[in-house]
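Taking it in order: structure first as structure tokens, then the write-up.
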């Protein structure tokens with residue numbers, strides 16, 4: 001299962017779900033080259049699925065936040081007692 005990204009940020013820029021019409025952020029690719037080292041490229045989508053933008057972040061100056069998804073609680077035997 002893929003984790004849902006809600007925020008990708010660095011010291012100079014940020015992509016965040018809920019700002020500027022962004023509804024979804026997904027990883028496009030990971031590049032190993034570059035003058036400052038490896039970088040990751042992310043796509044930002046609107047709520048109707050249109051591509052809003054593409055941003056690249058260097059891995060050494062990047063923070064990613066994921067949506068906290070709690071698993072559904074499994075019932076125990078005590079849930080069936082009156």
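In the numbering used here, the protein residues as written are 1 to 82.
All residues carry an ideal CB built from backbone N, CA and C; glycine is no exception.
When beta bridges are read from the DSSP output, residue 65 appears opposite 7. Here residue 66 has 3, 4, 5, 6 as same chain residues with Cβ atoms under 8 Å from its own Cβ, once five neighbours each way along the sequence are excluded. In chain order, 39, 41 place their CB closer than 6 Å to the CB of residue 56, counting only its own chain and leaving out the 5 sequence neighbours on each side.
Residue 8 places its beta carbon 8 Å or farther from that of residue 22.
Contact between residue 36 and residue 54 fails: their C-beta atoms lie close to 18 Å from each other, not under 8 Å.
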